Amino acid sequence: MEETKKRMLSGIKPTGKLTLGNYIGAIKQFITYQDEYEMYIFIADLHSLTLPIDPKELRENTKDLISVYLACGLDPEKVVLFKQSDVSEHAELGYVMTCNSNMGELSRMTQYKDKSSKLGSNESIPTGLYIYPTLMAADILLYDADYVPVGVDQKQHVELTRDLAIRFNSRYSDTFKVPTPITAKTGAKIASLANPEKKMSKSESDKGTIYLLDDLNINRKKIMSAVTDSDNTICYDPINKPGISNLLTIMSSLTNRSVEEIANEYNGQGYGTFKKAVADVVINELEILQNKVNEIKKSGMIEKVLEDGANKARYLARKKLSKVYRKIGIN
Ligand code: TYM
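If you want this note's numbering, it's the position in the sequence shown, counting the first as 1, plus 6.
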């Protein structure tokens, strides 16, 4: 008898352009797990509404994201690939989760604090930004996911999801599986090339962010100008040498070699040579990826993949939401 696979679920929001952080911290992990787990990977488009976004940009980013999922090797025969907004149960359970959360726990979310503090003093904080983790909890709990692979920055939201699941289960009897976050051993927090103390992100500096689908020469220049220290020793020391350690991490994640092995190979050769080697590895991988993305966009397969994925996802989501409604006395 075939053993039932554990279920894994994750998503990326199509806000801004996809970064090397998303690729290493999330997408590359998804690929390695797709044979071992029953996977649900989605485009978190409702999450993109938490801060104002141009509709045209959102549409383009959504198309880019599904193309990147496919180009990286997520196989729609093995993985359920879908768009969050195609399965309205996410928003419905999101509301129920909001009603089961409290303002104290949502105010403690680091991402909420960071993002709201970046808004100008005259700007009001969008409510969506505040309740966003309850929608994320719904995304996960609808599918009884055992594991949720994410970068370090999203771990706290998965931990909140666990708390909400446990609370709901004890209030209304066993309903949700309590999920476990998984982060990559190397690359769960890729830093900005311009400010290696900070996470590489769409909202951090442009100069420090490698965008997967950007011009390759621009990306090469960004790596060659990555901020490093002045002692010219190549070794992995994230506290004292965050810039070099970040480049080592990037290279290690893309080549499956350990940071120590790479540091030993390049030590003594100078930062310029090392940066060029990192740039070669990154650019080579991005060139292959970009070519595949272009093919996929032309192939006309995207709509079908998303439609099939939404049908499969909806099946589980509906079952879970009716159970929830029954428990809370709504139907
Ligand atoms: P998002 O779209 O900001 O990021 C998608 C994934 O990429 C990871 N990531 C990074 N990993 C390493 N280094 C970085 N610099 C870096 N930047 C981003 C993130 O940790 C994440 O895993 N709320 C989520 C999307 C989401 C979700 C979910 C994820 C919605 N519902 C349910 C898992 C399960 C988000 O905004 O991720």
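Glycine is no exception: its CB is placed at the ideal position from the N, C-alpha and C atoms. Bear in mind that the values here come from a model prediction, so they are computed numbers and not experimental data.
Item	Value
Quick check: what's the CA-CA separation for residue 283 versus residue 92?	42 Å
Threshold first: 4 residues or longer. Then list the alpha helix (DSSP H) segments lying entirely within the stretch 70-141, N to C.	95-105, 109-113, 116-124
Does the Cβ of residue 96 lie closer than 6 Å to at least one heavy atom of the ligand TYM?	no
Per the DSSP calculation, residue 261 is bridged to which residue(s)?	For residue 261, which the question treats as bridged, DSSP gives no partner whatsoever.
When DSSP labels each residue in this structure, what does residue 351 get in the three-state scheme?	Outside the shown range of the chain (7 to 337) lies residue 351, about which nothing can therefore be said.
Leaving out the 5 sequence neighbours to the left and right, which residues in its chain are closer than 7 Å to residue 174 when beta-carbon positions are compared?	106, 181, 182
Per the contact definition of three or more C-beta pairs closer than 8 Å, is the stretch 79-98 in contact with the stretch 36-51?	yes
Any heavy atom of the ligand TYM closer than 6 Å to the beta-carbon of residue 257?	no
Below 7 Å CB to CB, which residues in the same chain sit around residue 77 once its five sequence neighbours on both sides are set aside?	295, 298, 299, 302
Counting Cβ pairs, one atom from each stretch, are 3 or more of them under 8 Å apart for the stretch 196-212 and the stretch 11-20?	no
Is residue 252 closer than 7 Å to residue 171 when the C-beta atoms are compared?	no
Mind checking residue 160: buried by the 16 CB within 10 Å criterion, or exposed?	buried
Following the continuous alpha helix (DSSP H) through residue 294, name the residue where it begins and the one where it ends.	277-305
Using C-beta distances below 8 Å, list every residue in its chain close to residue 131, excluding the 5 sequence neighbours before and after it, in chain order.	122, 125
Since residue 13 sits in a beta bridge, which residues does DSSP pair it with?	44
Looking at residue 115 and the ligand TYM, is the gap between the Cβ and the nearest heavy atom below 6 Å?	no
Indicate whether the contact test is met: 3 or more Cβ pairs, each with one atom in the stretch 284-294 and one in the stretch 136-148, closer than 8 Å.	no
For the ligand TYM, any of its heavy atoms closer than 6 Å to the Cβ of residue 145?	yes
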